[in-house]
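Undergrad: Heads up: the protein sequence lines correspond to chains Z and R, in order.
For the record, in the first sequence the residue sitting at position 104 is 195 according to this note's numbering, with numbers rising by one throughout.
For the record, in the second sequence the residue sitting at position 99 is 177 according to this note's numbering, with numbers rising by one throughout.
Supplied in structure tokens, the structure appears directly below.
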Amino acid sequence: EDKVVQSPLSLVVHEGDTVTLNCSYEVTNFRSLLWYKQEKKAPTFLFMLTSSGIEKKSGRLSSILDKKELFSILNITATQTGDSAVYLCCQGGSEKLVFGKGTKLTVNP
Amino acid sequence: KAGVTQTPRYLIKTRGQQVTLSCSPISGHRSVSWYQQTPGQGLQFLFEYFSETQRNKGNFPGRFSGRQFSNSRSEMNVSTLELGDSALYLCASSLYGPVDTEAFFGQGTRLTVV
């Protein structure tokens, strides 16, 4: 069964720090790697990656996929308290998403 | 544009009962997928419907079932509730499916089984 592993499980930083969240996956029918941010209940979409080596960027957030090594990273620069959330990585294949356990990021002022 | 609406938001049921949860997707979205979220297991895929057809199902017992109507609204049903079914149930809608397009999640239904 496909498995997605995220690290670290939790992270506490100060405002202004840069963080890197890791996600490794096992693939049988890989189609996409997605990142979501969950602050309270409803996860919100951040990125979808399908091609290796191409960085996706949105403001201070960026993500890249390595399909050879089967991992992805999510970078957040100049963190703000509003970035505090659980960041979920999931692998898409065969019409279903397999989620990692998430990384809980806490940004202190 | 209205978001994904899940009802009810909170539910308390007794072991052995059954429950039906509802999800109204964003207008124009044909895919609705369901997830169970617990502190121990995280977010787990239950099933996905596209144009009234179930395209895939996760590793859950047959007590968990769902359906989708012609207006894309979806329901999931859990029969013979167990204590371990207590969880946040999330649904998500997307244009072509959560694997290929951005999924928009509802606020969830918090189910407590006592």
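Where a beta carbon is used, it is the ideal one built from N, C-alpha and C, also for glycine.
1. Please say whether R/E130 and R/S109 have beta carbons closer to each other than 8 Å?
2. So is Z/G150 in contact with chain R if we call contact Cβ pairs under 8 Å?
3. Would you mind reading off the limits of the beta strand (DSSP E) that contains Z/I155?
4. If distances are taken between C-alpha atoms only, which option among Z/G191, Z/V198 and Z/T119 comes closest to R/G118?
5. Between which two residues does the beta strand (DSSP E) harbouring R/N134 extend?
6. Which residues mark the beginning and the end of the beta strand (DSSP E) in which R/V97 is found?
7. Can you have a look at R/L193 and say buried or exposed, based on whether 16 or more other CB atoms are within 10 angstroms of its CB?
8. Do we get a CB-CB distance below 8 Å when we pair R/A181 with the residues of chain Z?
9. Here's a check: name, in chain order, each residue in its chain whose Cβ is nearer than 7 Å to the Cβ of R/Q122, leaving out the five neighbours to either side.
10. Between the Cα of R/T85 and those of R/T158, R/S148 and R/L166, spot the shortest distance and give me the residue it belongs to.
11. Which residue wins for smallest C-alpha separation from Z/T141, given the options R/L189, R/E180 and R/T187?
12. Would you say Z/V189 and Z/S175 are within 8 Å of each other, going by their C-beta atoms?
TA: Once the coordinates are examined:
1. No. Outside cutoff.
2. Judged by the 8 Å Cβ criterion, Z/G150 is not in contact with chain R.
3. Looking at the DSSP string, the run of the beta strand (DSSP E) that includes Z/I155 is L152 to D157.
4. Comparing C-alpha distances from R/G118 to each of Z/G191, Z/V198 and Z/T119 shows the shortest one belongs to Z/G191.
5. Segment T131 to K135, the beta strand (DSSP E) holding R/N134.
6. V97 to S102 is the span of the beta strand (DSSP E), which, as asked, contains R/V97.
7. A query on residue 193 of chain R cannot be resolved here, the shown segment of chain R reaching from 79 to 192 and no further.
8. So yes, R/A181 belongs to the interface.
9. Excluding positions up to five away in sequence, the list reads Y113, Q114 and G136.
10. From the listed residues R/T158, R/S148 and R/L166, the smallest Cα separation to R/T85 is found for R/L166.
11. Nearest of R/L189, R/E180 and R/T187 to Z/T141, Cα basis: R/E180.
12. No, these two residues do not count as a Cβ contact at 8 Å.
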